[in-house]
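Each remark here refers to the structure printed beneath this line.
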Amino acid sequence: MNALPASHLFRPLPGGALDIVGDVHGEWGMLEQLLYRLGYDEYGRHPQGRKLVFVGDLCDRGQDSPQVLDWLIEAVRAEHAWAVLGNHEMNLLMDDPKDGSGWYFNERTQDEARYAPWRHYPEAGKAALCEALAQWPLVLQREDLRIVHAAWLPESLQRIADLGDMPLCEQYRWFEDDFRQQYDRSVWAARYEEEQSRLAAQLEDENFAMGFLEATAHYDLWRSHANPIRALTCGVEVMAPAPFYANGRWRFTARCPWWQQYEDDAAVLIGHYWRLWDGPAPVAADRLPLFVEEGAAWQGAKKAVFCVDYSAGARWRDRQKGVAAAASGYHLAAMRWPEQVLVREDGVTAVTVK
Ligand SMILES: [Mn+2]
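Throughout, the numbering used here is defined as the position within the sequence shown, counted from one, plus 454.
See below:
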């Protein structure tokens, strides 16, 4: 097995039995239900000494991100729970407002129409919140198990280790600046600027007949690999066969099923990829399918990778449409380890399939 290089951002998992929880996205109600189903008390303690592990993306979109984060920060401090950072926590730390983060970023007033009512974070607590999150690792691991938000990428792990004890946010800025400098010197830079300024409005217009923008595609592809912290928390991209519109923008690169290349024996549990309990949703002909597996199946070359994100972050859509929780296809689930059984917030369970 490939040994993991040493970094203060990679930390050991506790020994013993674990329950690994998928992306919560501010859904405090579902998290409370799931903890109850798994047998934990209100502090995250288990009578059999099991421990909670979270794969990141605790916040954004749901009704109570402040409660989820405040609760988990305390549980992590008390060593009842362990957590890695997801891309949504990185956005808070890097002061990068994105869709669904208006509970924290006051300037995102456009989020209110979509996601409110939701609880906002008190201004006075924001500095302490970021200070606590900045202490969380990117990777948790022990011999039989690896936890990362989106992708286990040996080259990215090594590049992070190479920066030694540089703090997380400083590392992130260092990699972003390094990419931007290399990009600005590349043959693509002028074309990229031209595409971006010529089509600034059209890039967000779903009804525009968008052609394939080569320099923009190249920029997005390069950037997804260039910052290894971004690569671990967002995954890497590949060229899309054709432009497609998603999450408010025309896109030319698509998420890549990196697990097809993962050959180690240690299991990797991830979140991030919006899996559905009932199996893969149909994929349009011009899109790359990310999941081909059934809802409870292991993924990849050696069936050693498992995404535990069952799309709790889309539950707001059902609330907005008046769909009852009992009829929702979006869930919060955990994998019991070493049992490899899934438990859902409503008590439904499933045995995972290799
Ligand atoms: Mn994510």
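Note that the Cβ used here is the ideal one computed from N, Cα and C, for glycine as well.
Distance between residue j and residue i (C-alpha atoms, nearest Å)
i, j, result
"R771", "A779", "11 Å"
"E533", "V475", "16 Å"
"S782", "W712", "29 Å"
"E481", "S640", "43 Å"
"L583", "E647", "36 Å"
"R562", "Y569", "11 Å"
"G493", "R504", "9 Å"
"W728", "Q753", "14 Å"
"G579", "Q487", "26 Å"
"A581", "G689", "28 Å"
"A663", "Q650", "16 Å"
"V538", "E668", "34 Å"
"A742", "A735", "For the sequence presented, residue 742 should be read as Leu rather than Ala. Answer to the nearest angstrom: the Cα atoms are 12 Å apart."
"Y575", "Y637", "36 Å"
"L730", "R645", "39 Å"
"A768", "L523", "18 Å"
"R773", "H542", "21 Å"
"L397", "F629", "Given a span of 455 to 808 for the chain in the structure shown, any question on residue 397 remains unanswerable."
"V777", "G516", "15 Å"
"Q635", "Q794", "45 Å"
"T806", "A654", "45 Å"
"H462", "I601", "15 Å"
"F633", "T803", "44 Å"
"I614", "K775", "43 Å"
"K757", "E624", "35 Å"
"F464", "R531", "17 Å"
"D616", "A604", "21 Å"
"W590", "Y497", "19 Å"
"C710", "G470", "33 Å"
"D549", "E660", "27 Å"
"R499", "D553", "33 Å"
Residue i, buried or exposed, once every other Cβ within 10 Å from all chains shown has been counted against 16
i, result
"D518", "buried"
"S765", "buried"
"S678", "buried"
"L608", "Per the sequence shown, the amino acid found at residue 608 is Pro instead of Leu. P608 comes out exposed."
"A787", "buried"
"T687", "buried"
"D477", "buried"
"D405", "Outside the modelled stretch of the chain, which goes from 455 to 808, sits residue 405, for which no answer is possible."
"V797", "buried"
"F760", "buried"
"D818", "One cannot answer for residue 818 here, as it falls past the ends of the chain, which runs 455 to 808."
"R652", "exposed"
"V762", "buried"
"Y626", "buried"
"A457", "exposed"
Cβ separation of residue i and residue j, assumed to be a contact under 8 Å, to the nearest whole Å
i, j, result
"L622", "A671", "Their Cβ separation, rounded to whole angstroms, is 29 Å, which puts L622 and A671 out of contact at 8 Å."
"R573", "Q521", "7 Å"
"L526", "F508", "6 Å"
"G725", "G540", "6 Å"
"Y716", "A755", "6 Å"
"D598", "A720", "6 Å"
For residue i, the residue or residues it bridges with in DSSP
i, result
"D631", "D631 is not bridged to any residue."
"H785", "S765"
"A708", "V692"
"D473", "L506, R790"
"A720", "None, per the DSSP bridge assignment."
"P466", "Q595"
"A535", "L506"
"T803", "V797"
"V602", "V593"
"F698", "R705"
"A751", "V807"
Sequence-distant residues of its chain with Cβ nearer than 8 Å to residue i (five each side left out)
i, result
"R705", "D674, A694, P697, F698, Y699"
"L546", "C513, S555, Y558, L583, C584, L587"
"T707", "A671, D674, L675, S678, E691, V692, M693, A694"
"G813", "For residue 813 there is no data in the structure shown, the boundaries of the chain being 455 and 808."
"P466", "L594, Q595, R596"
"F666", "A696, P697, F706"
Close Cβ partners of residue i (< 6 Å) along its chain, the five nearest in sequence each way excluded
i, result
"Q612", "P459"
"A610", "One point to set straight first is that residue 610 is Ser, not Ala, in the sequence displayed. P682, A685, L686, listed in sequence order."
"M484", "A766, L786, E799"
"V722", "R600, W606, V759"
"R790", "D473"
"K808", "W752, K757"
Neighbourhood of residue i by C-beta distance below 7 Å, restricted to the same chain and skipping five residues each side
i, result
"P551", "F559, E561, R562"
"R703", "L657, E658"
"P468", "K505, W536"
"E566", "G556"
"V737", "P743"
"D732", "G749, G783"
"D619", "H462"
Ligand 2 heavy atom lying under 8 Å from the CB of residue i
i, result
"G725", "The model on display carries ligand 1 but not ligand 2."
Interface flag, residue i vs chain C, CB-CB below 9 Å
i, result
"A758", "Absent from the structure: chain C. Only one protein chain is present."
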